[in-house]
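Protein chains in written order, with numbering that gives the first Met the number 0: chain A, 0 to 364; chain B, 0 to 364; chain C, 0 to 364; chain D, 0 to 364.
Glycine residues also receive a C-beta, built at the ideal position from the N, C-alpha and C atoms.
Protein chains: 4
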Amino acid sequence: MAKIPVGILGATGMVGQNYIALLDNHPWFEVNYVAASPRSAGKKYKDAVAGGRQLVKTWRPSVGELVIEDANDTGRAVTAANAGQLAFVFSALEMGKDEIRSLEDSYAAAGIPVISNASAHRWTEDVPVLIAEVNPHHTDIIPLQKKARGWEHGFIAVKPNCSIQSYTTPLWALMQKGYEIRRLIVSTMQAVSGAGYPGVPSIDMIDNIVPYIGGEEEKSEREPLKIFGAIENGVIKNAELPRISAHCSRVPVTDGHTACVSLEFGVKKPSLEEIKRIWSEFRSIPQELELPTAPKQPIIIREEPDRPQPRKDRDADKAMAVSVGRIRACNVFDLRFTGLSHNTVRGAAGGGILNAELLKVKGYL
Amino acid sequence: MAKIPVGILGATGMVGQNYIALLDNHPWFEVNYVAASPRSAGKKYKDAVAGGRQLVKTWRPSVGELVIEDANDTGRAVTAANAGQLAFVFSALEMGKDEIRSLEDSYAAAGIPVISNASAHRWTEDVPVLIAEVNPHHTDIIPLQKKARGWEHGFIAVKPNCSIQSYTTPLWALMQKGYEIRRLIVSTMQAVSGAGYPGVPSIDMIDNIVPYIGGEEEKSEREPLKIFGAIENGVIKNAELPRISAHCSRVPVTDGHTACVSLEFGVKKPSLEEIKRIWSEFRSIPQELELPTAPKQPIIIREEPDRPQPRKDRDADKAMAVSVGRIRACNVFDLRFTGLSHNTVRGAAGGGILNAELLKVKGYL
Amino acid sequence: MAKIPVGILGATGMVGQNYIALLDNHPWFEVNYVAASPRSAGKKYKDAVAGGRQLVKTWRPSVGELVIEDANDTGRAVTAANAGQLAFVFSALEMGKDEIRSLEDSYAAAGIPVISNASAHRWTEDVPVLIAEVNPHHTDIIPLQKKARGWEHGFIAVKPNCSIQSYTTPLWALMQKGYEIRRLIVSTMQAVSGAGYPGVPSIDMIDNIVPYIGGEEEKSEREPLKIFGAIENGVIKNAELPRISAHCSRVPVTDGHTACVSLEFGVKKPSLEEIKRIWSEFRSIPQELELPTAPKQPIIIREEPDRPQPRKDRDADKAMAVSVGRIRACNVFDLRFTGLSHNTVRGAAGGGILNAELLKVKGYL
Amino acid sequence: MAKIPVGILGATGMVGQNYIALLDNHPWFEVNYVAASPRSAGKKYKDAVAGGRQLVKTWRPSVGELVIEDANDTGRAVTAANAGQLAFVFSALEMGKDEIRSLEDSYAAAGIPVISNASAHRWTEDVPVLIAEVNPHHTDIIPLQKKARGWEHGFIAVKPNCSIQSYTTPLWALMQKGYEIRRLIVSTMQAVSGAGYPGVPSIDMIDNIVPYIGGEEEKSEREPLKIFGAIENGVIKNAELPRISAHCSRVPVTDGHTACVSLEFGVKKPSLEEIKRIWSEFRSIPQELELPTAPKQPIIIREEPDRPQPRKDRDADKAMAVSVGRIRACNVFDLRFTGLSHNTVRGAAGGGILNAELLKVKGYL
């Protein structure tokens with residue numbers, strides 16, 4: 000079976016390079032189109048990223064030979080699409096929010112679906128913010144989105160910020176079993192790869208932590224509410240709970256965001272044993288569909304007293320599983336735990352690819 | 000004026016070495032007696048710590064020439080005391096809790112006051128756990144303690160765990176102004192020096208954090224309640240509030256514990272401006288008495304969005320001030336902020352020395 | 000085909016755990032016997048290493064169920080061998096040198112070949128120190144060793160120190176083409192995993208390097224001479240050249256030793272182009288035999304100006320290849336370059352396994 | 000006595016900020032004039048560096064109130080000089096080399112002496128590259144420089160690269176005692192602060208080292224030869240020896256460059272004892288003149304087997320002393336040792352200030 004040809008917008012950036020590394024040998028998709036800023040356009044991909052020293056992983060030589068297109072030139076993408084060389088794009092654009100929003104719109108309007116990593120469209124009411132295990136049903140908004148915009152084939156689906164990935168799925172697993180979560184205070188210790196390249200200067204990360212990441216706390220407090228929301232009247236209406244307060248810090252870790260969570264249940268409160276059972280048994284649509292990038296077990300419980308830890312647990316199940324540990328009663332709320340997920344795989348390119356796999360199986364791609 | 004001769008129990012350990020470094024050139028106290036395990040006894044201090052590579056700071060050559068005594072030999076200490084060579088001891092003992100408790104008792108019983116860094120006596124009801132700016136009035140328990148034990152001259156006073164130093168003083172400053180604090184959820188990012196030497200293996204601290212420190216969360220949740228407590232019937236009765244939930248993590252930082260705090264006030268809630276005013280104006284007994292080791296301003300507010308940071312703020316005011324920043328409303332409770340203090344100075348030897356200065360001025364030493 | 004049952008002596012230590020992780024799914028060998036100190040004996044392997052938090056990798060559940068034997072009990076090993084459950088052992092013993100030497104001797108004398116990671120026997124004249132690509136012909140000493148000791152089936156073969164692995168193969172590749180290397184000054188920057196667990200305290204590795212590793216420079220200067228030596232009169236006679244001077248430093252890196260090398264050729268001096276050609280074309284016996292653990296290309300040249308780097312290059316070709324870069328003329332000698340190899344894979348367990356594969360194919364196992 | 004008013008060109012950069020921190024409370028000099036790029040001109044200094052988060056140290060509030068001048072506007076500097084508000088400038092300019100060279104020339108031509116940190120003029124034949132303890136006699140070139148250029152009052156003096164500071168003084172101390180040094184191979188492990196701000200991305204410095212620093216090896220091999228050179232015919236003629244080969248690596252250390260040195264003496268070879276004696280007794284002009292910033296003992300010998308280390312030794316004697324250790328015979332050349340100096344103090348702003356003190360005493364300022 001021929002693979003589906005896909006494109007990467009922002010292919011030379013850190014997230015773009017991650018997409019290319021993770022799509023290497025993907026069973027369904029094949030990178031066939033790489034686009035970036037006009038500055039890189041016309042170069043071979045391998046030459047454009049030669050100075051880009053950030054990535055450890057390498058990729059098939061054939062990708063290196065692809066000539067980079069100008070990401071602003073949607074006409075060129077349409078030509079490729081018409082020639083059967085481009086079915087959809089992953090957007091890893093790094094520009095101003097307004098520019099990204101408008102450029103992603105152009106691709107969708109031109110008939111090319113956009114699976115985006117960018118935050119630009121996360122608050123567009125009819126654009127789903129997908130975590131494939133949590134709100135796969137939000138894909139139902141896509142026909143409404145297309146209709147509202149008059150787009151025939153194109154659409155936009157995005158993924159949430161990397162900072163919330165380590166606890167949103169565990170929360171959802173409990174909510175799904177009927178346990179309301181009212182309030183949540185979370186403190187994250189986030190890896191430097193989340194800041195892209197060059198990102199955080201090393202002089203700020205040696206013998207130091209930085210208890211602040213611009214915009215991160217606001218995203219962490221709002222995005223879960225959209226993900227937990229419901230489709231009503233053609234838009235996604237945010238959930239009202241849980242109320243979230245986030246403290247986001249940067250720590251000297253390459254990959255893997257850790258979150259220390261205290262939460263309050265509603266009237267119905269599960270026991271710790273019940274929580275562990277729910278989490279270890281949790282499976283969702285991606286597991287049922289056996290999507291290629293889906294972790295077998297989305298939530299892995301570490302029983303050791305001092306886990307999860309970024310270096311030891313971030314790569315669990317192709318770096319797509321969330322690891323949780325330190326499950327214990329909270330002295331103020333009901334439950335405390337520590338969650339961990341790989342921010343550039345589960346929290347970025349890997350999550351985007353899983354979303355694309357879900358959309359493919361659901362017939363949107 | 001001749002200086003007061005003091006001793007260090009556990010002088011060769013990491014905290015003991017810190018005491019010796021910080022007491023170098025102290026205007027009132029002079030290290031004149033060093034005691035450690037029988038293994039070190041009989042050696043010159045400089046020889047005993049030659050292999051002890053942990054400390055950056057050095058000290059007066061004369062201290063290096065002191066011959067180490069056996070810390071278990073209280074008789075030897077009494078002889079020194081009788082000869083006017085030892086007025087009191089700082090305890091930085093590193094043994095089992097029960098052994099420390101009993102050894103500290105022996106010194107006190109023998110007439111030698113003990114200012115301790117160890118956790119052994121923190122839950123002894125008539126032993127004060129002192130933060131000099133917060134509960135200097137708890138020294139009033141000392142006569143009762145002496146009487147209850149039949150100790151004439153000796154007594155025991157301790158300091159709390161290093162993990163709580165960055166927020167206990169700010170909490171107290173608010174409480175003192177009539178603002179009840181009901182609940183508090185705190186997540187700490189603690190330096191490796193808090194684990195002593197050798198402490199945390201480097202393989203666990205490179206590209207990693209460890210979201211667990213044995214026993215630390217329990218101490219963090221309980222000790223502030225004793226510090227905020229009141230003397231009743233010859234013992235210190237714990238305060239009931241605030242209810243505290245702590246998440247304690249180890250991060251790759253040499254010195255300086257950071258705490259991300261969310262807290263809920265009682266009915267009366269100060270504005271952010273009021274909070275900042277209270278904190279920047281806060282002064283207490285050590286400042287009034289101009290104790291040599293007291294910071295001029297116990298709570299320093301950092302207005303930059305990304306401060307305090309361990310490497311940049313831990314040394315503020317001789318490493319004795321607490322730095323706070325990121326003062327903002329909490330999305331779940333009332334107030335969020337980040338506190339930072341130097342764990343081996345403010346949180347260990349420096350705090351002990353300040354306690355001794357307070358006790359000296361109050362006439363207990 | 001049934002797999003060959005192998006044992007690990009010192010199975011609970013860091014190197015022992017690495018052996019078990021790397022032998023998982025090995026096509027020829029299967030771990031069937033685990034031995035450690037009497038303290039661990041009798042426990043299930045998974046329980047004995049539960050507190051051993053050092054390893055990121057996991058292994059087949061069946062290994063966890065193995066009951067640990069007392070490594071000192073060679074009789075038990077003989078019983079296992081007689082029952083066809085143990086063909087040979089990998090020694091990752093962590094004890095005093097004399098104890099290791101004598102224990103390894105006991106196993107060999109009892110008929111159980113020992114492939115050792117320990118340094119104890121590296122200077123035993125008839126014990127080969129093998130780097131499979133460099134001196135596979137040194138296996139010829141084994142029949143002589145067995146004869147001299149009166150051992151019928153057992154023998155001992157060891158591997159060299161991890162510090163020299165990143166440049167010994169490149170040197171050999173040049174020597175083999177007829178280029179004498181006279182003198183060499185090398186400065187290494189070595190990963191903390193080389194010190195085992197707990198190894199280097201984190202307080203010494205945050206914002207710091209330690210320009211000293213006990214015994215490492217002596218090993219680095221002597222071991223290559225035995226590896227480059229020749230069998231004469233039943234012993235391995237050391238080569239006289241190159242004369243080596245080593246500076247060994249510890250740096251805050253988890254895995255991967257880096258070496259900066261300056262070397263002087265003899266009269267015949269290759270051009271930089273010739274050197275690059277020799278290195279990239281170098282293949283040896285393990286490649287010809289297609290041994291399962293052998294890297295396809297033993298020496299990988301990085302052309303980027305700032306490579307090799309530990310985090311980016313240590314895992315090259317299953318972490319078994321040596322990466323070299325910065326190949327340039329030396330301002331004092333003839334050639335400068337930087338070499339890098341994975342110290343716990345190529346430099347420890349992986350190198351030992353490759354040696355066993357070589358010995359198997361040669362008929363010694 | 001009124002202090003001498005000095006200016007800082009490039010005052011907002013990392014080195015510029017260091018100058019301001021180190022000149023705080025300087026007994027002779029007072030920062031009175033700060034200049035930077037047109038972008039910063041017109042702002043108060045404290046506002047211009049508010050976002051500049053790199054510096055730990057703070058400075059007198061009065062410096063923060065200074066209004067930044069445009070560094071390109073030499074006319075403004077002349078006005079200040081004429082008004083007695085500016086005696087000379089420290090140049091910490093960060094621009095292209097040609098621009099720096101021409102701008103420094105303009106200041107000197109306008110009558111304002113320039114003590115520079117920049118590399119632009121290091122190879123100008125009549126500009127001295129000063130290490131105050133090594134070649135204070137090179138100040139004799141200044142009258143010749145002024146005459147050749149027709150400058151009446153202004154002149155230019157520079158300092159060398161930070162990478163060579165940890166071994167140039169030890170070499171000189173030996174050379175001065177009549178021991179020729181013929182050849183030297185050095186491998187440095189350099190701190191990230193040497194790269195300025197933002198400098199090296201943290202993703203490249205966590206669990207990693209980078210065995211390359213652009214241009215650093217060339218500087219390391221050439222600059223000592225000018226420093227060891229002699230004034231002949233109005234220019235500084237380079238020394239011919241030692242021949243140097245440098246390997247320069249970046250390591251995750253905030254401050255403090257470490258160098259592992261192997262060197263070959265000429266015919267006359269000192270014993271290790273003689274070397275230690277020469278180094279510990281070495282004093283030079285800055286010590287004789289008791290210049291305020293001069294270390295009391297320029298070369299400190301550490302006898303511990305594992306020192307010097309950056310975190311423990313960089314701050315020795317106000318961070319102005321060089322620490323050396325691991326003094327031992329070299330297996331290839333004659334002598335091996337490890338040197339360490341603080342790159343942003345001794346190797347940058349502190350070294351520049353010491354040069355200015357020397358020039359002041361010699362009557363050039």
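Any beta-carbon of chain C closer than 9 Å to the one on B/I205? For the purposes of this step, residue 205 of chain B is identified with residue 206 of the second sequence, where counting begins at 1. At least one CB of chain C lies nearer than 9 Å to the CB of B/I205.
Which residue wins for smallest C-alpha separation from B/K145, given the options B/G110, B/K96, B/H136? Taking the first residue of the second sequence as 1, we reach residue 145 of chain B at position 146. The residue from B/G110, B/K96, B/H136 with its alpha-carbon nearest to that of B/K145 is B/G110.
From A/H120, A/F89, A/E217, A/N116, residue whose alpha carbon lies closest to that of A/S101: For the purposes of this step, residue 101 of chain A is identified with residue 102 of the first sequence, where counting begins at 1. The shortest C-alpha separation from A/S101 is found at A/H120.
For chain C, find out if any of its Cβ atoms is closer than 9 Å to the Cβ of A/T365; answer yes or no. Residue numbering for chain A in the displayed model covers 0 to 364; residue 365 of chain A lies beyond these limits and cannot be assessed.
Beta-carbon within less than 7 Å of B/G233's beta-carbon, same chain only, minus the 5 sequence neighbours each way: which residues are those? Counted from its first residue, the second sequence places residue 233 of chain B at position 234. These residues qualify, in order along the chain: D125, L143, A147.
The beta strand (DSSP E) enclosing D/A79, as first and last residue numbers: Taking the first residue of the fourth sequence as 1, we reach residue 79 of chain D at position 80. That residue, D/A79, is in no beta strand (DSSP E); its alpha helix (DSSP H) goes 73–81.
Close Cβ partners of A/F227 (< 6 Å) along its chain, the five nearest in sequence each way excluded: Counting from one through the first sequence, the residue named residue 227 of chain A turns up at place 228. Cβ neighbours of A/F227 beyond the five flanking positions: A238.
Using Cβ-Cβ distances below 7 Å, what residues of the region 100–131 of chain D are close to chain C? Within the region 100–131 of chain D, no residue qualifies.
Per the contact definition of three or more C-beta pairs closer than 8 Å, is the region 1–18 of chain D in contact with the region 89–108 of chain D? Put simply, the region 89–108 of chain D touches the region 1–18 of chain D. At least three CB pairs are less than 8 Å apart.
Give the residues of chain B in contact with A/I243, contact being defined as C-beta atoms less than 9 Å apart. In the first sequence, the residue the question calls residue 243 of chain A occupies position 244. The answer, in chain order, is N330, V331.
Between the region 36–47 of chain C and the region 123–142 of chain C, are three or more C-beta pairs nearer than 8 Å? Of all C-beta pairs linking the region 36–47 of chain C to the region 123–142 of chain C, fewer than three are shorter than 8 Å, placing the two stretches out of contact.
Between the region 191–220 of chain D and chain A, which residues of the former have a C-beta closer than 8 Å to a C-beta of the latter? Cβ contacts with chain A come from V191, S192, Y196, P197, G198, V199, P200, S201, I202, D203, M204, I205, D206.
Counting contacts by CB-CB distance shorter than 9 Å, is A/C259 in contact with chain B? In the first sequence, the residue the question calls residue 259 of chain A occupies position 260. The C-beta of A/C259 comes closer than 9 Å to at least one C-beta of chain B.
Below-9 Å beta-carbon distance, A/R410 vs any chain C residue: Not covered by the structure: residue 410 of chain A. The range shown for chain A is 0 to 364.
Please decide whether D/P251 counts as near chain A, where near means a Cβ-Cβ distance under 9 Å. Against the fourth sequence, residue 251 of chain D aligns to sequence position 252. Chain A contact via Cβ: present.
On the three-state DSSP scale, how would you describe D/T292? Here residue 292 of chain D refers to the residue found at position 293 when the fourth sequence is read from its first residue. Note: D/T292 maps to coil in three-state DSSP.
Within a Cβ cutoff of 8 Å, which residues of the same chain sit near D/G338, ignoring the five residues on either side of it in sequence? By one-based count along the fourth sequence, residue 338 of chain D stands at place 339. Result list for D/G338: S165, Y166, P169, T257, A258, V260, P307, V321, S322, V323, in chain order.
Helix, strand or coil, according to DSSP, for B/T253 in the structure here? Position 254 of the second sequence, counted from the start, is the residue given in the question as residue 253 of chain B. The DSSP-derived three-state label of B/T253 is coil.
How far does the alpha helix (DSSP H) with D/Y196 in it reach, from first residue to last? Within the fourth sequence, numbered from 1, the residue matching residue 196 of chain D stands at position 197. Boundaries for D/Y196: no alpha helix (DSSP H) harbours it, and the DSSP string shows neither H nor E there.
Rounded C-alpha distance that separates C/L65 from C/W58: By one-based count along the third sequence, residue 65 of chain C stands at place 66. By one-based count along the third sequence, residue 58 of chain C stands at place 59. Near 12 Å, if we compare the C-alpha coordinates of C/W58 and C/L65.
Can you give me the C-alpha to C-alpha distance between A/A108 and A/R38, rounded to a whole angstrom? For the purposes of this step, residue 108 of chain A is taken as the residue at position 109 of the first sequence. For the purposes of this step, residue 38 of chain A is taken as the residue at position 39 of the first sequence. Between the alpha carbons of A/A108 and A/R38 lies a distance of about 25 Å.
Since I believe B/N31 is in contact with B/P4 (beta carbons under 8 Å), could you give me their beta-carbon distance rounded to a whole number of angstroms? Position 5 of the second sequence, counting from 1, holds the residue named residue 4 of chain B. Position 32 of the second sequence, counting from 1, holds the residue named residue 31 of chain B. Contact check for B/P4 and B/N31: beta-carbon distance about 4 Å, within the 8 Å limit, so the pair qualifies.
Taking B/R249 as the reference, which of B/T187, B/P112, B/L21 has the closest Cα? Stepping through the second sequence from its first residue, residue 249 of chain B is reached at position 250. The shortest C-alpha separation from B/R249 is found at B/T187.
Is there a C-beta anywhere in chain B that falls below 9 Å from the one on A/D314? As a working mapping, residue 314 of chain A is identified with position 315 in the first sequence. Answer no: the Cβ-Cβ gap between A/D314 and chain B never drops below 9 Å.
Neighbouring residues, chain A, relative to B/D46 (Cβ below 9 Å): Here the question's residue 46 of chain B lines up with position 47 in the second sequence. Within 9 Å Cβ-Cβ: nothing; B/D46 doesn't reach chain A, min ~30 Å.
Cβ separation of C/Q286 and C/P297, assumed to be a contact under 8 Å, to the nearest whole Å: Within the third sequence, residue 286 of chain C is the residue found at index 287, counting from 1. Within the third sequence, residue 297 of chain C is the residue found at index 298, counting from 1. With a Cβ gap of about 7 Å, C/Q286 and C/P297 count as contacting.
Where in the region 134–162 of chain A do unbroken runs of the alpha helix (DSSP H), each at least 4 residues long, occur, reported from the N-terminal end onward? Counting whole runs of 4 or more residues, the region 134–162 of chain A contains the alpha helix (DSSP H) stretches 140–148.
Kindly indicate the opening and closing residues of the beta strand (DSSP E) around A/P309. Indexing the first sequence from 1 puts residue 309 of chain A at position 310. Element bounds for A/P309: not the beta strand (DSSP E) but the alpha helix (DSSP H), 309–312.
Just curious, the beta strand (DSSP E) that C/M188 is in, first and last residue? Here the question's residue 188 of chain C lines up with position 189 in the third sequence. Annotation for C/M188: the continuous beta strand (DSSP E) segment containing it runs 180–189.
Based on the DSSP secondary-structure assignment, which residues constitute the bridge partners of D/T337? The count along the fourth sequence starts at 1 and reaches residue 337 of chain D at position 338. In the DSSP assignment, the residues bridged to D/T337 are D/C259, D/G324.
Using a Cβ-Cβ distance under 9 Å, would A/G324 count as near chain B? Along the first sequence, one-based indexing puts residue 324 of chain A at 325. So, interface residue.
Classify D/T292: buried if its beta carbon has 16 or more other beta carbons within 10 angstroms, exposed otherwise. As a first step, residue 292 of chain D must be located in the fourth sequence, where it is residue number 293. Answer is buried; the Cβ neighbour count reaches 16.
Can you pull the chain B neighbours of A/M188, defined as C-beta to C-beta under 9 Å? Within the first sequence, numbered from 1, the residue matching residue 188 of chain A stands at position 189. One finds S186, M188, I208, P210, S248, V250 in chain B with Cβ atoms closer than 9 Å to the Cβ of A/M188, taken in chain order.
Hey, does A/T167 have any beta-carbon neighbour from chain B nearer than 9 Å? Locating residue 167 of chain A in the first sequence gives position 168, counting from the first residue. No - not a single Cβ of chain B is within 9 Å of the one on A/T167.
From the beta carbon of A/T337, is the nearest beta carbon of chain B less than 9 Å away? Within the first sequence, residue 337 of chain A is the residue found at index 338, counting from 1. For A/T337, the answer is yes, since a Cβ of chain B falls inside 9 Å of its Cβ.
Cβ of D/N354 within 9 Å of Cβ of D/A156? Counting from one through the fourth sequence, the residue named residue 354 of chain D turns up at place 355. Counting from one through the fourth sequence, the residue named residue 156 of chain D turns up at place 157. Cβ distance < 9 Å, so D/N354 and D/A156 count as in contact.
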